[in-house]
Every structure is written in C-alpha cells, then in structure tokens.
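Okay, structure first, notes after.
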Amino acid sequence: MKSKKLLNFWIFITVISIFCISVFNYYVDSLNIFGRNNNINLATQKLAEGNIIAGLQNFDERAFRQHTILNLKKEPDFVAIGSSRIMQLRTKMIADNIIFHNYGVSGASLEDYLGLIQIHYDKFKNYPKNIIIGIDPWIFNKNNGQNRYKSIGDYYLKFKNKLLNTKEKTTKISNNIFKLLSIEYTLTNISSLKKEKFYIVKDTNIDDYLRESDGSLHYPFEYRYPDTNRVKRDAIAYAINNQVYSLEMFKYLSNTKIFEDFIKHLILNGTKIYFFLPPYNPYTYDLLIQNPKYTIINDIEIYLKNFAKQNNIQVLGSYNPHTYILKNEDFFDGMHSLDIVYAKIFKDIKL
387 MKSKKLLNFW
397 IFITVISIFC
407 ISVFNYYVDS
417 LNIFGRNNNI
427 NLATQKLAEG
437 NIIAGLQNFD
447 ERAFRQHTIL
457 NLKKEPDFVA
467 IGSSRIMQLR
477 TKMIADNIIF
487 HNYGVSGASL
497 EDYLGLIQIH
507 YDKFKNYPKN
517 IIIGIDPWIF
527 NKNNGQNRYK
537 SIGDYYLKFK
547 NKLLNTKEKT
557 TKISNNIFKL
567 LSIEYTLTNI
577 SSLKKEKFYI
587 VKDTNIDDYL
597 RESDGSLHYP
607 FEYRYPDTNR
617 VKRDAIAYAI
627 NNQVYSLEMF
637 KYLSNTKIFE
647 DFIKHLILNG
657 TKIYFFLPPY
667 NPYTYDLLIQ
677 NPKYTIINDI
687 EIYLKNFAKQ
697 NNIQVLGSYN
707 PHTYILKNED
717 FFDGMHSLDI
727 VYAKIFKDIK
737 L
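Each residue of the sequence shown is one higher than the last, beginning at 387 in the working numbering.
This is the structure we're talking about:
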C-alpha cells in the first residue's frame, strides 16, 4: 500500500512537471516556434516597415524570416537565399534601383531553399523574379547534420511534394510537441529572459548585431573590424579541426536531383537564377584542399559551373579565394568574409 502511494505521488509530480514545462515553453517561446514571442513578431514587422533593428540574438532565424517575408509590403525584385555566408549581401552591392531582400539563414540546407521560396510563393502568389543562391558545399552532403530547417518544414515539404509529385505528410505537430516538452528548450527560454530585447537604430554604426530593412546582417565591431592575427588562428584551427562544419562523412554528391529539379522548376516559371559560391579564407582553403577528405569542395565547384553553363546561369564567386586574390585580411574567420569581398564579387553581376 505504501509503495503504491509513493508511485502515485511520483506520477503526480511527473505530470505536474510536464504540464509546467509545457506551459512555460509555450508562453515564453523565445525561438517563436509557436508564434507566441511578441518581441520577435514585432521585430519582423518593424523590419518589414523599413527600419534597422539591433540586439536580436538566440532566436529561430527560419521563423523570423517566415514572419518577415509574410510582413513585406512589396515583392522584392531580387531575393538571396543561402547560409550565413550570404547574409551580408545588401541592396547597394547589387544595384541602387531595385527592391532586394536577403532571406539567408545560418547553416542553410537545401531544405531551407525550398521552404523559404515556398513562403515567398505563398505570400506573393508567384516565384521571385531573380534569385541569388548562396551555395555551400555541405548542401550536397547527406550527412551534413543540418536540421534547423524543420521550423519551416511544412513549407519545405509543400514545395518538395510539388516538385517531386509526392504526398509526404507534414511534421509540424509532432515537432512542436517535442519542443513543448523539451528540457533543452526550457533552458533556452530561461536564458532568453535575461537577454536584451531588440531596438531600432538610425544607422549601422552600432556595435551590435544589426539587421537592415533589406534583411542583410551586420555583425558587431569585433567581426566587422577583426584582429587579423586572431582571424589567421581561427582560420587554421577551422581547417584542421577533426569536425569541419557539415563536411564530415562527405563521400559523394547527394541531393543533386532535387537541387537540379528545384533550379529548373524556377527557371521554367520565369525566375532568373544566379549562383554565388562564397570563398573560404585562404589559410582555410589551402589546408582543406590538401586533405583528401575535403577535395570534394573543388569537385562541387566544377559540377556547379558545368550545370550553370548548361542552364545559362551566371556564377559569382568561388570557394577558392585565390581566384579573386583574397587575403586573410578580407575575412573575419575561416569561412566568413567582410563586406568588401561581397562588393568585389557582385560588381560583376549581370542584371
């Protein structure tokens, strides 16, 4: 009898704990998974209204991009998709007389490409007129470990089903339940309570994370004006790390069919495509291509250039920094360049 009471007590405590965790995660919702984070929702509205916003950190970039796109007043003439390696691309680097919006998200995978363009399609009822696609080698690695796309997973599956004529079911409900009960998400939410909220600034001369009204990102001053010795150390460490970002277990090119179907579908629907191959820091690149594990980087560049030529797509940039005579001073780490690199590469864009 005593053991039964004890068991019932622990069951009661467990149920109460699960309930409290769920309620806390739902109402704090720091990553805006359930659309409850008024701070993030308001930030996307202010951005879409033409403001520069500062201070946002530790949030779900996919959900942020989703809400920003859905809040846009006018359809952009140009959009950019890709990882953090395209997020510094700005309107002024392309042309002054266009409406441009950067849809980049950190660690973007092919799933993100499809999901973000589907959000655009749902908002404007057509595909973008021009898309600049930042292509990282890892999108062709089935073992890249990228799964952050799941917060816009329904949009990805919607595009994928349309593209491949399949009927794969959405996963939003199960993913949300998992987050609702997640201790990890509880810790993230607790941490977010201490963080400063976003604020609006008049210009970009602010030492913080900034997002311009075109969706492009400015990093804090330590990255915008980096110490070159520190950059060199980071670039070398990045290349000799036992786990190079999303390139481990990369044995052959995967995802090429869905990638090519995606590009051809857009072209067929009137979209002009540009490929952007973001360069690596020269210290990083030289070390990577000396390692047989990572020579596939060059294979991917050859593949992309051949595919682009067959489909009349302009290729901007190169994984090889020596193509543009780039130096360590042009980067703030092993794979992220400064604004001057974007300006140098995109001056050749053919509009």
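For glycine and all other residues, C-beta sits at the position ideal for the given N, C-alpha and C.
Quick caveat: nothing in here was measured; it's all calculated off a predicted structure.
Grab me the residues of Tyr535's own chain with a C-beta within less than 7 Å of its C-beta, minus the 5 sequence neighbours each way, in chain order. Arg448, Ser495, Glu497, Asp498, Gly501, Tyr542
Neighbourhood of Ile586 by C-beta, 8 Å cutoff - its chain only, sequence neighbours within 5 removed: Lys432, Asn437, Ile438, Ile439, Ala440
Identify, in the order they occur along the chain, each residue of the same chain with its Cβ nearer than 6 Å to the Cβ of Asp522, setting aside the five sequence neighbours on each side. Ser469
If distances are taken between C-alpha atoms only, which option among Leu673, Asn427, Lys713 comes closest to Tyr624? Leu673
Excluding the five sequence neighbours on either side, which residues of its own chain have a C-beta within less than 7 Å of the C-beta of Ile485, listed in chain order? Lys460, Pro462, Asp463
Helix, strand or coil: which one does DSSP assign to Ser599? coil
Between His651 and Phe526, what straight-line distance do the alpha-carbon atoms span, to the nearest angstrom? 19 Å
Beta-carbon contacts of Ala621 that lie in its chain and below 6 Å, excluding the five residues immediately before and after: Asn667, Tyr669, Thr670, Gly720
Is Tyr585 helix, strand or coil by DSSP? strand
Where Asn516 and Ser537 are concerned, what is the direct C-alpha to C-alpha distance, given to the nearest angstrom? 25 Å
If you measure between the beta carbons of Tyr660 and Leu603, is that distance less than 8 Å? no
Can you say whether Asn627 is buried or exposed, counting buried as having 16 or more other CB atoms within 10 angstroms of its CB? exposed
Can you tell me the Cα-Cα spacing of Asp482 and Cys406, whole angstroms? 51 Å
Ala481 (DSSP reduced to helix, strand or coil): coil
What's the gap between the Cα of His506 and the Cα of Gln452? 9 Å
For a test of the three-state rule: what should DSSP assign to Lys658, helix, strand or coil? strand
Among Val630, Ile467, Gly656, Lys679, the one whose alpha carbon lies nearest that of Asn698: Gly656
Among Pro606, Lys588, Gly601, Asp589, which has the Cα closest to the Cα of Tyr595? Pro606
Can the beta-carbon of Phe662 be found closer than 8 Å to that of Ile519? yes
Identity of the residue in Ala429, Gly531, Tyr680, Gln504 nearest Val465 by Cα: Gln504
Mapping the DSSP letters down to three states, classify Ser408 as helix, strand or coil. helix
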